[in-house]
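Each residue of the sequence shown is one higher than the one before, counting from 114 in my numbering. Shown next, in structure tokens, is the structure this report addresses.
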Amino acid sequence: MKKLILLLVLISFSCKEKDANAAAQSEVLTAAEYKAAISETQVQLVDVRTPEEYAEGHIDTALNIDFFRDDFKSAFATMDKDQPIYIYCKSGNRSGKAAKILSELGFEEIYDLEGGFSNYN
């Protein structure tokens, strides 16, 4: 009986872990797909580069939330988790990490720019 209970508990945790991992997915869009998506409607668009990188050039209407900020997670508190969020960085590395964090925060639709801002223009 104890073995059966243990088995059921392990299966339960396993299923929950799979569901959490499924939610952790983000979609990487090509530059053309990304441009089309952010131009269709007003979207939540976030540049996760440093303020210095942002100042050198960014996508119009992008909000700058530096990935390296101590309060990176809390900076998204006022954003709508039920609406798509589009993120980018310089090359796609930081935004990929940011996508995982946003998923953990409860964002459901996360879109990342393939190759980052360097690939956008």
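Even glycine gets a Cβ: it sits at the ideal position worked out from N, Cα and C.
Limits of the alpha helix (DSSP H) - the one that Tyr167 falls within: Pro164 to Ala168
Euclidean distance between Cα positions of Asn232 and Ser204: 8 Å
Sufficient close CB pairs (3 or more, under 8 Å) joining the stretch 168-175 to the stretch 207-217: no
Selected residue, minimal CA-CA separation from Asp193, among Tyr201, Lys148 and Gln155: Gln155
Distance between Cys202 and Ile223 (C-alpha atoms, nearest Å): 14 Å
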